[in-house]
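Trainee: Got a structure for you, written out below as structure tokens; questions coming shortly.
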Amino acid sequence: MTEIRSADAIIDFCLAPLALDGSSAAEREVRRRMAHVIKTYQARIPQPVAVDFNAMPPLVINEAAHGYE
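Numbering (our numbering), first residue to last: 8 to 76.
Structure, rendered in structure tokens:
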């Protein structure tokens, strides 16, 4: 997998598993907030931000402990 650098591409990758249609006000607000966070972070560090999701450790959620919702 290649590194993802643009804020929109990072957001699209993160929201893809949810299969959202893009028309809801809630999704637009989530995208707006995520873009603000990513762009603010990118502006404060000297080098470009790239995300390589293959380098991240897997996260397993114990549904029995946290609920099945």
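Just so it is clear, CB atoms sit at the ideal spot from N, CA and C, and this is done for glycine as well.
May I ask you to verify whether the segment 28–39 touches the segment 59–73, counting CB pairs closer than 8 Å and requiring at least 3?
Mentor: no
Trainee: Please go through the segment 47–73 and give each complete alpha helix (DSSP H) segment of 4 or more residues, from N-terminal end onward.
Mentor: 70–73
Trainee: Could you give the distance in angstroms between the alpha-carbon of Leu-22 and the alpha-carbon of Val-67?
Mentor: In the sequence shown, the residue the question calls residue 22 occupies position 15. In the sequence shown, the residue the question calls residue 67 occupies position 60. For Leu-22 and Val-67, the distance between alpha carbons rounds to 18 Å.
Trainee: Taking the alpha-carbon of Ala-14 as reference, which of Pro-65, Ala-62 and Arg-38 has the nearest alpha-carbon?
Mentor: Looking up residue 14 in the sequence shown gives position 7. Checked all of Pro-65, Ala-62 and Arg-38; the closest Cα to Ala-14 is Arg-38.
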